[in-house]
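To get our numbering, take the position in the sequence shown, counting from 1, and add 298.
Heads up, the beta-carbon is just placed ideally off N, CA and C, and yes, glycines get one too.
These figures come from a predicted structure and were not determined experimentally.
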Amino acid sequence: LTYQFDETVYKTGKPEVTALVEGKRVYDPRLDSTQPGGVGSQRLDDPSTFTYSSNPALCLADYLISTRLGLGEDTDRIDWVLVADAADICDELVNIPGPATQKRYTCNVVLLATDSFEDNITKLVDAMAGVCYYSGGQWRMFAGAWQSSSFSLDESDLIDSGINVTTALPYNNRYNSVRGSFVNADKNWQQMEFQPVINTSYVSADGEQTWLDVDFAACTNEYEAQRHAILLSRRGRNATIATI
């Protein structure tokens, strides 16, 4: 925005301006006939493979490869098959009161180029309740969804194996209720609190109510915010960690 100075107008400073915008077009490997065709076969020069999207997985992949505003990573270092899988999970329709449906995960957030790459990647990853990491020469991402076990462990794996198993978080890091805020699209995009998620069985087991405070900055719907809160509640209670 460019302003022409007028001392009678700008006595208190320039006006605060907000805008409702649609983000840039992002590459969607699901629209690419060469996928899955192996790394390096992406048609990133074909406009038909790009679309406007609030899909967190597609926005994250775009941020990773963007040379002007993002990490500027080589496209060969992105696992596009995993991007497509994560995008499908984000686009899954889930039931909400109404009756109606909505996409499982969406991403509606402004990223600042002055923020660190790590912070911006975290915002996009959190929007799909997932993870993203660099391993084996590629960026790999997963959206928050149940997956079948890749392997199993029993007592024989724990004997003299050097594997340490943590079955619960320390008490001072545990919580049984989740509350926080989101950006409400139905209330002129104002930040509001969502209905807290409280698991009464967790509260009874702990003997007291303990809270986790969160801010879902990329979420614009209360039902979606509550889904994120429910996942956080379950992860905090059921987390089992095995380390070597």
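- Ranking Glu506, Gln488, Lys401, Asn470 by CA distance to the CA of His526 puts Lys401 first.
- Assigned with DSSP and collapsed to three states, Gln524 falls in helix.
- Of the residues Phe492, Trp509, Asp374, Gln302, the one whose Cα lies closest to the Cα of Thr518 is Phe492.
- Of the residues Arg533, Leu530, Tyr521, the one whose Cα lies closest to the Cα of Gly396 is Tyr521.
- For Leu391, the secondary structure class from DSSP, reduced to helix, strand or coil, is strand.
- Bounds of any beta strand (DSSP E) do not take in Leu369, whose DSSP letter is neither H nor E.
- If you look at Lys485, you'll find it isn't in any beta strand (DSSP E); DSSP assigns it neither H nor E.
- Pairing Pro327 with Cys405 gives a Cβ-Cβ distance that is not under 7 Å.
- Secondary structure of Cys517 (DSSP, three-state): coil.
- For Cys357, the enclosing alpha helix (DSSP H) begins and ends at 354-363.
- Tyr473 counts as buried, since no fewer than 16 other beta carbons sit within 10 angstroms of its beta carbon.
- Taking every protein chain shown into account, the CB of Gly311 has fewer than 16 other CB atoms within 10 angstroms, so this residue is exposed.
- Ranking Met490, Trp509, Gln488 by CA distance to the CA of Thr498 puts Trp509 first.
- With a cut-off of 8 Å on Cβ pairs, the region 365-378 is in contact with the region 433-448, counting three or more such pairs.
- Taking the Cα positions, Trp487 is about 34 Å away from Asp330.
- The C-alpha of Phe303 lies about 20 Å from the C-alpha of Thr316.
- In this structure, Asn462 places its C-beta atom within 7 Å of the C-beta atom of Thr541.
- In the three-state reduction of the DSSP assignment, Trp378 falls in the helix class, which pools H, G and I.
- Setting aside the 5 residues that flank it on each side, Val381 is surrounded in the same chain by Pro327, Ala355, Ala359, each with a C-beta closer than 6 Å to its C-beta; the list follows chain order.
- Around the beta carbon of Gln489, fewer than 16 other beta carbons lie within 10 angstroms, which makes this residue exposed.
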